[in-house]
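Working notes, structure below.
2 protein chains.
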Amino acid sequence: MKKRTIGYAQFGPAFGDRTTNHETIRRMAGNGASADLLVFPELCVSGYDFRDRDELASLAEPFGSGPTSRLARELSEAHDTTIVIGYPEKAGDQLFNACVLTAPGGTLANYRKLHLFSRESRIFAHGDAPPPVIDTPAGKVGLMICLDWLFPEAARVLALTGAQVIAHPSNLVLPHCQKAMVTRSIENGVFSVTANRIGTEARTDRSLTFTGSSQVLGTRGELLVNAPLDAEHLGLAEVDVDQADDKMITEENHLLEDRWPDLYRRLSGQHP
Amino acid sequence: MKKRTIGYAQFGPAFGDRTTNHETIRRMAGNGASADLLVFPELCVSGYDFRDRDELASLAEPFGSGPTSRLARELSEAHDTTIVIGYPEKAGDQLFNACVLTAPGGTLANYRKLHLFSRESRIFAHGDAPPPVIDTPAGKVGLMICLDWLFPEAARVLALTGAQVIAHPSNLVLPHCQKAMVTRSIENGVFSVTANRIGTEARTDRSLTFTGSSQVLGTRGELLVNAPLDAEHLGLAEVDVDQADDKMITEENHLLEDRWPDLYRRLSGQHP
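Protein chains in written order, with the working numbering: chain F, 928 to 1199; chain S, 928 to 1199.
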């Protein structure tokens, strides 16, 4: 039995204003200091709808040595909390839609979004590694970002790698994710924390309104806490993260061991 | 544009009474003669909760030459309808939870359930081939049975094999399937027809109540028609099955081509 408090910090980032966004993150992490795991939205230190790649590059920063990684590490130590923050990553000439994870004791990890939404593929490179699972004091935390929800392979790889909790920074505009994450939790027997942003950005020829409704789900898809559509919200739930290790859904059925991997070869690009 | 009528025939089978169940199937297929695809529930010619393997064996029949395959073929020719019926299959010494598909013109196919529910694994062998897709006058029809819904790999394999419509005979007792099938339709961009049974069986030390609520879903998860919890119901929807070939969910996002199969190798049992 490992009681842990896991949750999200939903807010509306100020486009291009890292200082203000870091202040919001710092404030909400302080209010959520009782959390063992606190997840912030995708790209919440920069905003989302970049006019072009140059604008994105001007707001991107390195993993580890950059200001957002340093902030996350500082907050993890100050509050004894595992922190996940979405940010634009600069790595040499490449730009990634990434999230950093820091945990008390010095753990530092990064994930680069695999499944890019809409115009993101014009300015971001996609990740080149499977989504990772990090062993933290809050449990084994798997990372995925926003549209990864639509591809069942992402959450499945996390579950097969041992994730107990999926941390899911998001900037959602499509309406289906929150319900689909119920399916992700049920089919994988994992907790999930979707941290979405709020607000509207009208910086290009399109206007994007983000749908809030961040949520924490239990291992059988039950809604533990969720946020309004359009207001800042800190949502925390106390859970026994080890429940995610119980994959038996009947006396005879195990969510992962009942799989037939040899018959799924088509999923990894092989002939069936 | 290929307008087709697809649907389900929800009813409560009489346990062990193939003659009565065949009559029900014949009557509902007649009432649903306007359908291009009509899906009947899992094991609907036998009932579900067998006392033991001997009882199951006494109700099982061969694929192709057995009475249910012959009935399906007859109904396909009589009504110009692709028919899917769940039945217990006997093949040599092995018993399978199977469904037969027949289409006008002589097409005959079979699927043996991969993911067995609860005590089924005590009396049935599991299928040893990926779920198949059959080209029929009603479109490209993929087959899966009941608990296969819980394993995203099943519907994904069908979509990657070209399925436009998933035919999904079921005997559901868990409550999550109908909503999870919305996710399956959305993530794969396919139509789905879940044909569930109704009624209660109390033949062993357990009582099973089946949840009805059969449904037809569109390629974006929209509910086209559904059934009550506990009444016989024929549900038909007219659809353009070729919509399932449109996998673009934004101008830049393709549900299947945006996948990264090399990064999903863990799903087919390989090291990542």
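Glycine is no exception: its CB is placed at the ideal position from the N, C-alpha and C atoms.
As the structure is a prediction and not an experimental result, all values here were calculated from the model.
Straight-line gap, Thr951 (chain F) to His1181 (chain F) (C-alpha atoms, nearest Å): 42 angstroms
Mind checking who Pro1096 (chain S) pairs with in its DSSP beta bridge? S:Ala1122
Just mark Gln1091 (chain S) as buried or exposed, buried being the case when its beta carbon has 16 or more other beta carbons within 10 Å. buried
So if DSSP puts Glu988 (chain F) in a beta bridge, which residue, or which two residues, is it bridged to? F:Glu1016
Nearest to Thr1034 (chain S) (by Cα), restricted to the options S:Phe1044, S:Arg1046 and S:Ser996: S:Ser996
Locate the beta strand (DSSP E) running through Thr1088 (chain F), then write down its first and last residues. Run containing Thr1088 (chain F): none; DSSP gives neither H nor E here.
On a Cα-Cα basis, can you pick out the residue from S:Arg945, S:Lys929 and S:Gln937 that is closest to Val1120 (chain S)? S:Gln937
Determine the direct distance from the alpha carbon of Arg1124 (chain F) to that of Phe1078 (chain S), and round the result to whole angstroms. 30 angstroms
Out of S:Val1168, S:Thr1009, S:Thr1088 and S:Leu983, point me to the one whose CA is closest to Leu1022 (chain S)'s CA. S:Leu983
Let me check understanding here. Comparing Cα to Cα, which of F:Gly1139, F:Val1117 and F:Thr932 lies closest to Gly1145 (chain F)? F:Val1117
Where the alpha helix (DSSP H) containing His1065 (chain F) begins and where it ends: Reading off the sequence shown, one finds Ala at residue 1065 (chain F), where the question assumed His. Element bounds for Ala1065 (chain F): n/a, residue is neither H nor E.
Taking Trp1076 (chain F) as the reference, give the member of F:Thr1063, F:His1053 and F:Met1108 with the closest Cα. F:Met1108
Any beta carbon from chain S within less than 9 angstroms of Val1109 (chain F)'s own beta carbon? yes
Could you have a look at Asn1180 (chain S) and say whether DSSP puts it in helix, strand or coil? coil
Alpha carbon of Pro1059 (chain S) to alpha carbon of Phe977 (chain S), nearest angstrom: 27 angstroms
Contact criterion: CB-CB distance below 9 angstroms. Does Arg1130 (chain F) meet it with respect to chain S? no
Can you look up Met1071 (chain S) in the DSSP assignment and give me helix, strand or coil? coil
In angstroms, rounded to a whole number, what distance separates the CA positions of Leu1028 (chain S) and Arg1193 (chain S)? 32 angstroms
Kindly indicate the opening and closing residues of the beta strand (DSSP E) around Gln1142 (chain S). Gln1142 to Leu1144
CB contact below 9 angstroms: Ile1061 (chain S) versus chain F: no
Any residues in the stretch 1073 to 1096 of chain F with a beta carbon nearer than 8 angstroms to a beta carbon of chain C? Which ones, in chain order? Given the protein chain composition of this structure (F and S), no chain C is represented.
First and last residue of the beta strand (DSSP E) that includes Leu1077 (chain S)? Premise fails: Leu1077 (chain S) is in no beta strand (DSSP E) and is neither H nor E.
Measuring straight from C-alpha to C-alpha, what distance separates Ala1065 (chain S) and Leu998 (chain S)? 19 angstroms
Would you call the stretch 1007 to 1026 of chain S and the stretch 1047 to 1056 of chain S in contact, with 3 or more CB pairs under 8 angstroms? yes
Please compile the residues from chain S whose C-beta is within a distance smaller than 7 angstroms of the C-beta of Ile1113 (chain F). His1103 and Ala1107
Please list the partners that Asp1201 (chain F) has in chain S, where partner means a Cβ-to-Cβ separation under 8 angstroms. Nothing about residue 1201 (chain F) can be reported from this structure: the residues present for chain F run from 928 to 1199 only.
Give the interface partners of Gly1186 (chain S) over in chain F, defined as CB-CB distance under 7 angstroms, in chain order. The identity of residue 1186 (chain S) in the sequence shown is Arg, whereas the question assumes Gly. Correct list: Phe1078 and Glu1080.
Could you tell me the alpha carbon to alpha carbon distance between Lys929 (chain S) and Gln1170 (chain S), rounded to whole angstroms? 9 angstroms
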